[in-house]
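Below: one structure, written as structure tokens.
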Amino acid sequence: MQADLLIRHAAQVVTPVGRRPLRGKALGSLQVIPDGAVAVREGRILAVGPTAEVEARLREVTEVLEARGQVVVPGFVDPHTHLVWAGDRAAEFERRLQGATYLEILQAGGGILATVRATREASVEQLRAETRSRMDRMLLHGTTTAEAKTGYGLAPEAEFRLLDVIHDLDATHPLDLVPTFLGAHAIPEEHRADPEAYVALLVEAMLPAVAARRYPVEGPWRAPWTDGRAAWFCDVFCERGAFDLDQTQRILEAARRLGFGLKVHADEFVPSLGATPLAVALGATSVDHLVSTPPEHLALLARSETVGVMLPGTSFGLGSGHYAPARRFLEAGGALAIATDLNPGTSWCESMPMMMALAARYLGLTPAEALAAATLNAACALGLGHEIGSVEIGKWADLVGIDAPDYRHLAYRYGVNLVHTVIKRGKIVVREGRAVYRGTDGARPGGDRP
Ligand code: NIG
Ligand code: FE
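Residue numbers (our numbering): 46 to 495.
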């Protein structure tokens with residue numbers, strides 16, 4: 046065998062196994078290989094196993110990476126982010142600390158709508174630069190694939206601009222992005238008097254236009270599975286003050302007819318709106334948040350093929366103390382993933398290891414479960430379980446080297462970055478904690494900054 050890259054003598058190579066999500070009690074069943082090695086060829090994993098065994102099968106190796114003292118795990122997959130926005134909401138954060146609630150602020154025209162104003166005003170260059178710096182930070186924290194939602198445009202041209210930024214950055218940055226259309230994130234200011242007019246605009250004009258929109262499939266960092274579609278998924282924020290159940294249903298049904306995969310923001314605040322059973326009935330790829338989901342809805346989701354995505358960074362970011370009932374979901378046999386929900390309102394955090402640390406403490410996951418939820422199951426929440434999410438022969442070589450003797454350190458430690466090495470499709474993009482790739486649009490990676 047001939048390899049382009051051999052990573053050897055890792056203290057452990059740790060990975061979930063398979064192409065389908067690990068469900069229920071099986072979530073924590075990982076493969077742990079002491080003194081492990083991974084061989085890579087043409088961007089894909091060629092061999093994985095104990096170093097002695099992998100080396101014995103290799104004839105020629107172009108580059109060797111010594112991983113002593115490191116744990117090698119699959120690149121993290123972040124399956125729920127609101128990546129593209131301009132500005133910040135630090136003042137709103139301070140108001141919430143003094144007692145204002147998230148939904149009150151949204152009702153008063155702030156929150157999501159404040160970011161919509163800032164995003165509409167920003168130039169494409171500014172949006173690209175702000176988004177790119179978040180992507181650098183994600184990559185430095187070990188995320189190699191992320192979902193990216195629109196939703197801060199809320200008008201046809203304004204939403205298209207966000208899709209343009211997503212596709213441009215997907216092509217020119219090592220982090221792979223999976224685009225989701227979230228035109229149904231909030232009722233925009235100009236439609237507040239008549240929300241139904243916005244739902245009609247979404248169903249009759251925006252969704253068909255997004256479905257018809259195509260992007261070039263070339264680009265140095267373009268994912269091999271990219272097919273030019275503007276968005277793979279359509280998502281709706283089903284919540285009091287956003288979209289009600291009936292509106293959610295009409296938008297999702299229209300999206301399904303147009304060929305979008307479906308996602309829903311369900312049960313983030315107000316319980317029992319019914320978005321979870323609706324999403325299951327429509328065959329959604331994932332249902333996300335699930336903080337206030339009633340037990341019978343959670344059980345229904347657990348028995349379905351739909352992945353449940355829990356977002357502990359959002360509960361933490363809101364300082365709410367209400368976390369999603371992950372244990373109950375797993376006891377019912379559910380397929381659980383975790384994500385950052387990266388956004389300027391509820392969870393500005395680019396780090397999946399931080400989500401693992403929160404999941405261990407507040408969702409009751411073991412470190413092994415948290416790792417599987419952040420890798421294979423997260424890939425399945427994007428329909429990519431056959432391509433990424435585990436260290437297995439044939440999958441893309443998206444790998445992370447952690448500066449720790451044991452994978453449990455990932456959930457055990459927090460607030461510091463233990464990521465030493467990041468490999469994207471066989472290319473080293475982070476070395477010794479610093480970004481080493483070159484952006485093709487002339488941008489310098491975040492790790493190069495003084
Ligand atoms: O998932 N809930 C809706 N969307 C985001 C928050 C977006 C924002 O506040 O800007 C969420 O929490
Ligand atoms: Fe969200």
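Positions of the beta carbon are idealized from the N, C-alpha and C atoms, including for glycine.
All values derive from a computational prediction rather than experimental measurement.
Distance CB(residue i)-CB(residue j) smaller than 8 Å
i: residue 435; j: residue 60; result: yes
i: residue 163; j: residue 208; result: no
i: residue 66; j: residue 425; result: yes
i: residue 496; j: residue 408; result: Look at the range of the chain in this structure, 46 to 495, and you will see that residue 496 is not part of it.
i: residue 412; j: residue 383; result: no
i: residue 191; j: residue 80; result: no
i: residue 165; j: residue 203; result: yes
i: residue 415; j: residue 456; result: yes
i: residue 222; j: residue 193; result: yes
i: residue 310; j: residue 282; result: yes
i: residue 287; j: residue 344; result: no
i: residue 349; j: residue 316; result: no
i: residue 84; j: residue 103; result: yes
i: residue 57; j: residue 116; result: yes
i: residue 108; j: residue 181; result: no
i: residue 335; j: residue 353; result: yes
i: residue 321; j: residue 306; result: no
i: residue 150; j: residue 139; result: no
i: residue 292; j: residue 325; result: no
i: residue 380; j: residue 304; result: no
i: residue 210; j: residue 129; result: yes
Residue range of the beta strand (DSSP E) that includes residue i
i: residue 331; result: 331 to 334
i: residue 53; result: 47 to 60
i: residue 80; result: 76 to 86
i: residue 192; result: 188 to 194
i: residue 91; result: 89 to 95
i: residue 311; result: 306 to 311
Limits of the unbroken alpha helix (DSSP H) element including residue i
i: residue 454; result: 454 to 457
i: residue 342; result: 340 to 347
i: residue 109; result: Residue 109 -> not in any alpha helix (DSSP H); beta strand (DSSP E) instead, spanning 105 to 111.
i: residue 325; result: 320 to 326
i: residue 412; result: 412 to 418
i: residue 262; result: Note, residue 262: premise wrong, no alpha helix (DSSP H); not H, not E.
i: residue 375; result: 371 to 376
i: residue 423; result: 421 to 425
i: residue 397; result: 397 to 403
Buried or exposed (CB count within 10 angstroms, at least 16 for buried), residue i
i: residue 46; result: exposed
i: residue 398; result: buried
i: residue 144; result: exposed
i: residue 141; result: buried
i: residue 395; result: buried
i: residue 446; result: buried
i: residue 367; result: exposed
i: residue 313; result: buried
i: residue 432; result: buried
i: residue 97; result: exposed
i: residue 272; result: exposed
i: residue 239; result: exposed
i: residue 294; result: buried
i: residue 152; result: exposed
i: residue 341; result: exposed
i: residue 168; result: exposed
i: residue 53; result: buried
Strand pairing of residue i, partner residues [DSSP]
i: residue 119; result: 444
i: residue 283; result: 288
i: residue 468; result: 444, 473
i: residue 382; result: 354
i: residue 479; result: 476
i: residue 392; result: 388
Interface flag, residue i vs chain B, CB-CB below 8 Å
i: residue 48; result: Any reference to chain B falls outside this structure, which holds one protein chain only.
Fill in: Any alpha helix (DSSP H) of 4 or more consecutive residues that is wholly inside the stretch 127 to 175
135 to 142, 147 to 152, 157 to 166
Item to complete: Please list the segments of the alpha helix (DSSP H) lying wholly inside the stretch 202 to 249, counting only runs of 4 or more residues, in order along the chain.
Response: 240 to 246
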